[in-house]
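Student: Can you read through this structure? Questions will come right after.
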Amino acid sequence: MEIDSIRNLGGVVLKNNKYEIDMCNGTIMDKLVSFSLPLMLSGILQLMFNAVDIIVVGQFTGSEALAAVGSTTALIAVFTNLFIGISLGANVLAARFYASGKNKEMSETVHTSIALAFVSGMIMAVVGLLFSRLALEIMGTPDNVIDQSTLYMRIYFLGMPFFMLYNYGAAILRAVGDTKRPLIFLIISGLANAGLNMLLVVVFNMGVAGVAIGTIVSQCISCILVLRCLYRSEGSYQLRFSKLTIKSFYLKQIFQVGIPAGIQSTVINLSNALLQSSVNSFGSIAMAGYTAANNIFGFLYVSVNSVTQSCMSFTSQNYGVRKTKRMDKVLLDCIILSFTFSFTLGCGAYFFGNELLRLYTSDPDVIQCGIEILAYTTVPYFCCGIMDLIPGALRGMGHSGVPMILSIIGTVGTRIVWIFGLFPHNRSLSFLFISYPVSWILTILMQVICFYFVRRKVHRNILTQG
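Take 1 as the starting number for the sequence shown in full-length UniProt numbering and just add one per residue.
Given below as structure tokens:
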């Protein structure tokens, strides 16, 4: 490893290579930008896996195949986000140990996390193979697309071990301040994904099976690259396959933060799946419009999620070295950064909605449905960013349970009431998607109150320990 700097925290010397960011010293905003921009671009590239699938299918196979791929998005998120959420627990724990110079604990966290990722991926592969069609039937997927949707999901889930290993490996790298190398890995795998999609769909006419296979291969590439990076690293986060084991002491701490985060994400995506079933009731044209709009919506999400991930990592490292004032400044700067990203991109998505939707389809009816959805979900998206930031800061302090409960009540509860109580009396796409900004605002109000009390408790505990 190339060593560029050495820093001393509480008597513990930590070495930084050229890829890492010192989160505990110096100005915050420039480091947040340096950390979050590669993270945002990484998220965009991950979305590109699905976006390229959708664009290629929509342009070269047709609206039914487009609807088939799109109808799986919410379900895939429901199945996978519990385990991806647990990777946040690995990120928080690793960041805390790394900042405080606890090398043994850091190493054991890394090996427990990677072993957990492999087991999780295998479980998800089996679940996807066995229950894809049943889940799609429960969702009310139309008969004219369900066979293609099932085929896509089953092939996609075969790649879950690669997907999980990459996400957990990248979480470890984020914990030490490295978001650049995961970006490089995703650029390589993203280019492979795009090339394979064109080859398998356009040349070999494999349809939805072709795009699913292309995604699996690209995920395998990114997985190999991130594991190779950890293996060749030096110091506390070096990976050795002979040391892979799941230690209950670290697993418990990972679960304390990760399981509430995963449950929150899963339940919120379950509410999105309920919303998908409401969209399904309008037919395949509306489904295709939602698929395209939801993909654009996903690009907005990664912009705010990159700042949320930054907030969590920065907060966790500073919590590890007991810098309470810096923790407060991290959240404030993250709110400013998240608003800047999300409002700028949200307005851009709204004003250029027609042009963006034409990337996915040339069907004017599908585009019209997509525009109707974007009108209520893009410009106010900065509210979603603020809603996610507060729980991110709390998770960085090791508190994940209460934010999960409040997010479920505010987000999922509002949408369930909306879908089952209000939507039947005003059946339109516009009214259905107003539930998004309403749920964001209600959740923010509850999270702010929660943050005030948890922050006060955490700061008192740190002062007492000091």
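Beta carbons: idealized from backbone N, C-alpha and C, even for Gly.
Give me the residue from Ile409, Gln465, Val379 with the minimum Cα distance to Leu442.
Tutor: Nearest C-alpha to Leu442: Ile409.
Student: Of all the options Asn305, Ala349, Gln238, Ile213, which has the alpha carbon lying nearest to the alpha carbon of Cys384?
Tutor: With distances taken between Cα atoms, Cys384 lies closest to Asn305.
Student: Using only alpha-carbon positions, find the residue among Phe163, Met198, Asn197 that is nearest to Leu186.
Tutor: Cα-wise, what sits closest to Leu186 is Phe163.
Student: Does the contact criterion of 3 or more C-beta pairs under 8 Å hold for the region 92-99 versus the region 137-147?
Tutor: No: the two stretches stay apart, fewer than three of their Cβ pairs being nearer than 8 Å.
Student: Using C-beta distances below 7 Å, list every residue in its chain close to residue 467, excluding the 5 sequence neighbours before and after it, in chain order.
Tutor: As displayed, the chain neither begins before 1 nor continues past 466, which places residue 467 out of reach and without an answer.
Student: Considering only C-alpha positions, which residue in the set Asp363, Tyr350, Asp388 is nearest to Tyr376?
Tutor: When only C-alpha atoms are compared, the closest one is Tyr350.
Student: Which same chain residues end up closer than 6 Å to Ala77 when comparing Cβ atoms and leaving out the 5 residues on each side of it in sequence?
Tutor: If we look at Ala77 and ignore the five residues flanking it on each side, its Cβ neighbours are Asn269.
Student: Quick one: measure Cβ to Cβ for Gly348 and Leu374, integer angstroms, because I've assumed they're closer than 8 Å.
Tutor: The pair is not a contact, with the Cβ atoms about 11 Å apart (cut-off 8 Å).
Student: Determine the closest residue to Asp363 out of Ala286, Gln309, Met206, with distance taken between C-alpha atoms.
Tutor: The option with the nearest alpha carbon to Asp363 is Ala286.
Student: DSSP on Leu239, reduced to helix/strand/coil?
Tutor: DSSP places Leu239 in coil when its eight states are reduced to three.
Student: Look at Ala209 and Ala90 and say whether their C-beta atoms are less than 8 Å apart.
Tutor: No, they are not a contact pair.
Student: Leaving aside the five residues before and after Ile419 along the sequence, list all residues of the same chain whose C-beta is less than 6 Å from its C-beta, in chain order.
Tutor: Result list for Ile419: Leu274, Ser278, in chain order.
Student: For the alpha helix (DSSP H) that contains Pro403, what are its first and last residues?
Tutor: It spans 401-407 - the alpha helix (DSSP H) in which Pro403 sits, taken as one unbroken run.
Student: Between the alpha carbons of Pro38 and Ser303, how many angstroms are there, rounded?
Tutor: So the two alpha carbons sit approximately 11 Å from each other.
Student: Considering only residues of the same chain and omitting the five flanking positions on each side of Gln253, which have a CB-CB separation below 6 Å?
Tutor: Leu93.
Student: Start and end of the alpha helix (DSSP H) containing Asp22?
Tutor: Taken as a continuous stretch (DSSP letters only), Asp22 belongs to no alpha helix (DSSP H), as it is neither H nor E.
Student: Where Glu108 and Gly283 are concerned, what is the direct C-alpha to C-alpha distance, given to the nearest angstrom?
Tutor: Cα-Cα distance, rounded: 51 Å.
Student: Could you have a look at Asp363 and say whether DSSP puts it in helix, strand or coil?
Tutor: Here Asp363 sits in coil by DSSP.
Student: Below 8 Å between beta carbons: does that hold for Gly207 and Pro161?
Tutor: Not closer than 8 Å, so no.
Student: Take Ala175 and list the residues in its own chain whose beta-carbon comes closer than 7 Å to its own, dropping the five residues that flank it on each side.
Tutor: Excluding positions up to five away in sequence, the list reads Asn91, Ala94, Ala95, Tyr98, Ser313.
Student: Going by alpha carbons, who is nearest to Gly398 out of Ile449, Ile336, Cys311, Tyr360?
Tutor: Ranking the options by Cα distance to Gly398, first place goes to Cys311.
Student: So, do the region 322-336 and the region 447-466 have three or more beta carbon pairs nearer to each other than 8 Å?
Tutor: Because the criterion of three Cβ pairs below 8 Å is met, the region 322-336 and the region 447-466 touch.
Student: Below 7 Å CB to CB, which residues in the same chain sit around Ser439 once its five sequence neighbours on both sides are set aside?
Tutor: Closer than 7 Å at the Cβ level, and outside the excluded window around Ser439, lie Gly410, Thr411, Thr414, Arg415.
Student: Between the Cα of Phe131 and the Cα atoms of Arg427, Ser435, Leu75, Thr215, which residue gives the shortest distance?
Tutor: Looking at the Cα atoms, Leu75 is the closest of the given residues.
Student: Taking the alpha-carbon of Thr266 as reference, which of Asn81, Ala192, Ser36, Ile28 has the nearest alpha-carbon?
Tutor: With distances taken between Cα atoms, Thr266 lies closest to Asn81.
Student: Using a Cβ-Cβ cutoff of less than 8 Å, which residues in the same chain neighbour Ile54 once the five nearest sequence positions on both sides are dropped?
Tutor: Correct list, in chain order: Leu66, Val69, Gly70, Thr291, Ala292, Asn295, Tyr360.
Student: Using CA atoms only, rank isn't needed, just tell me which of Gly214, Ala117, Val454 is closest to Leu191.
Tutor: Per the Cα distances, Gly214.
Student: Indicate the three-state DSSP secondary structure (helix, strand or coil) for Arg7 in the structure shown.
Tutor: The pLDDT assigned to Arg7 is 46, lower than 50, so where the model puts this residue is not dependable, and the model offers no usable value.
Student: I need the DSSP call for Ser303, collapsed to helix, strand or coil.
Tutor: Residue state, collapsed to three classes: helix.
Student: Between Ala288 and Cys24, what straight-line distance do the alpha-carbon atoms span, to the nearest angstrom?
Tutor: Approximately 46 Å between the Cα atoms of the pair.
Student: Rounding to the nearest angstrom, what Cα-Cα distance links Leu432 and Glu372 in this structure?
Tutor: So the alpha carbons of these two residues sit roughly 10 Å apart.
Student: Do you know whose CA, among Gly346, Ile335, Leu116, Leu230, lies nearest Val448's CA?
Tutor: Comparing Cα positions, the closest option is Ile335.
Student: Here's a check: name, in chain order, each residue in its chain whose Cβ is nearer than 8 Å to the Cβ of Glu105, leaving out the five neighbours to either side.
Tutor: Only Phe97, Tyr250 meet the Cβ criterion.
Student: Grab me the residues of Asn461's own chain with a C-beta within less than 8 Å of its C-beta, minus the 5 sequence neighbours each way, in chain order.
Tutor: Hits under 8 Å: none found.
Student: Closest by CA to Leu88, which one among Gly169, Leu45, Asn193?
Tutor: For Leu88, the nearest C-alpha among the options comes from Gly169.
Student: Where do the N-terminal and C-terminal ends of the alpha helix (DSSP H) with Pro142 fall, by residue?
Tutor: Taken as a continuous stretch (DSSP letters only), Pro142 belongs to no alpha helix (DSSP H), as it is neither H nor E.
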